[in-house]
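Position one of the sequence shown corresponds to residue 80 (the working numbering), numbered consecutively onward. Ideal Cβ placement from N, Cα and C applies to all residues, glycine included. Read through the structure below, which is laid out as structure tokens, and then see the notes.
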Amino acid sequence: VLTSTGAGSPPAFEDAAAGGKILQVKSTTKKDSQSHSGTDHTLISGLTVSITPASSSNKILLIYNVSMGSTGAGYVELRIARGSTDDINIGDANGSNTRCTHYRYFDNYYGTTDYSSLDTYPFAGNYLDSPNTTSAITYGIYFANTAGSYGMIINSSSNTSAANYGTSTSTLTAMEVAG
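See below:
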């Protein structure tokens, strides 16, 4: 790191502080599609990443992008989880509102909303987790259709095979950040 040594003096190079350094990176990309029409939370298969922190004071920076479409009108919910049951980065309780990381309504009439059943919608974000462990951690993303009527599809705009429907990818990256 280049630092100042005062007015009229040449700058000096010093060692950078230990905190904030990226110690390891684990990443996965899902290229196939996956459908789900239930209200139960289903793990997006192939979109999990495991990482083992070197120190319990280190943090894990999660960066994700999930591409999703719908076979019709419906509400979709995404949750990021540490392990199979520990939801992280979800909203606070507010009456009967759904607690989740992302929530979206898909309209099944093309042209009536920004994203219809012909489009894939990117759910993207990041989260800095403090797992306080040196044991292996598996992070995953779960999805559900809160109305349960139409299918939500990861990496595809529809179950239809036609030129005007797209397929895409989803990613999940975990980076260990020195505490």
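If we ignore side chains and look at the alpha-carbon of each, how far apart do residue i and residue j end up?
i, j, result
"I169", "G204", "12 Å"
"G153", "T250", "23 Å"
"N144", "S247", "11 Å"
"S106", "T212", "20 Å"
"S214", "A257", "16 Å"
"E93", "G87", "18 Å"
"D171", "G125", "28 Å"
"T118", "I167", "19 Å"
If you compare alpha carbons, which of the options is closest to residue i?
i, options, result
"S163", "S134, T250 and T127", "T127"
"F202", "G219, S124 and R183", "R183"
"S129", "D111, V104, T199 and K110", "V104"
"R161", "T131, G219, S106 and D171", "G219"
"T225", "T108, G98, S116 and G125", "S116"
"T108", "S134, D166, I123 and G258", "I123"
"H120", "I216, D165 and D171", "D165"
"T180", "E93, I159 and N173", "I159"
"N137", "D208, R178 and E93", "D208"
"G98", "I167, D111, S134 and S149", "S134"
"S149", "N176, S114 and P132", "S114"
"S146", "K110, I167, T131 and L81", "K110"
So for residue i, helix, strand or coil by DSSP?
i, result
"P201", "strand"
"E93", "coil"
"K110", "coil"
"S124", "strand"
"K100", "coil"
"A223", "strand"
"A160", "strand"
Determine the extent of the beta strand (DSSP E) in which residue i is found, giving its start and end residues.
i, result
"N144", "K138 to S149"
"V80", "It is not in any beta strand (DSSP E) - V80 carries neither H nor E in the DSSP assignment."
"T252", "S249 to V256"
"D119", "Premise fails: D119 is in no beta strand (DSSP E) and is neither H nor E."
"D171", "That residue, D171, is in no beta strand (DSSP E); it is neither H nor E in DSSP."
How many whole angstroms separate the CB atoms of residue i and residue j, which I take to be in contact at a CB cut-off of 8 Å?
i, j, result
"P210", "I139", "6 Å"
"L157", "F222", "5 Å"
Relative to the ligand GDP, is the shortest distance from any of its heavy atoms to the C-beta of residue i smaller than 7 Å?
i, result
"G219", "Ligands are entirely absent from the displayed structure, and the ligand GDP is therefore not among its contents."
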